Amino acid sequence: MTLLRRFAVIAVGGVLGSWMRWRLSVWFPVASGTFPSTTLAINLFGSALIGVVLVLFLDRQPPRLLTHSFLGTGILGAFTTFSTFTVESAELLRQSKPLTAFVYVIASVVGGVVVALMSMGLTRRAIHLEAAT
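Next up, the structure:
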């Protein structure tokens, strides 16, 4: 796979992922200074999907790098958003809401890792069960 081809699929995936995140933020707006539930939901859902993508496209031999680049790095990399998470956390602290900021940071970071690990385990189990039948 050429580097240019991989870059192209990541770019197209990035456009789709960022558009999906933007649409969800328009459909489910959250007022500034309140708990950023939309971003948290997007990031946790994206973390779950990243776990599935890792198992389906990198665990298998041969790894499907182009598909993983499109779905994982492109779509889900743009769909989940560390920059918005950072800005919202800083805004909560600026508005003197340290407890809300703390809960948001812990829920985002720990929740994202836990959800990704769970989805990886469930995907591996589903593949194993499917292969056994």
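Using our numbering, read the sequence shown as starting at 399 and increasing by one per residue. Don't be surprised by glycine CBs; every beta carbon is placed ideally from N, CA and C. Every value quoted in this text rests on a predicted model; they were computed, and no experiment measured them.
What do you get for residue i, buried or exposed, if any count of 16 or more other CB atoms within 10 angstroms of its CB means buried?
| i | result |
| --- | --- |
| R419 | buried |
| T400 | exposed |
| S445 | buried |
| F468 | buried |
| I473 | buried |
| V451 | buried |
| A514 | buried |
| L447 | buried |
Checking 8 Å against the spacing of the C-beta atoms, do residue i and residue j come in under that value?
| i | j | result |
| --- | --- | --- |
| M535 | V453 | Nothing can be reported for residue 535, as the shown portion of the chain is limited to 399 through 531. |
| A476 | G431 | no |
| T478 | G411 | no |
| A505 | S487 | no |
Find the nearest neighbour of residue i within the set the options, judged by alpha-carbon distance.
| i | options | result |
| --- | --- | --- |
| F480 | Y502, V450, K495, H466 | Y502 |
| V507 | W425, N441, F426 | N441 |
| V512 | G411, V410, G449, A429 | G449 |
| H466 | L402, V407, F426 | V407 |
| L463 | I525, A524, R403 | R403 |
| V428 | G510, L490, R522 | L490 |
| K495 | V424, R522, W417, F433 | F433 |
Q.
As an exercise, report each continuous beta strand (DSSP E) stretch of at least 3 residues that is fully enclosed by the region 484-520, in chain order.
A. none
| message | Three Cβ pairs or more, each shorter than 8 Å: is that satisfied between the region 481-489 and the region 433-450? | response | yes
- Message: Quick check for students: name the residue ranges of the alpha helix (DSSP H) that lie wholly in the region 404-474, counting only runs of 4 or more.
- Response: 435-456, 463-466
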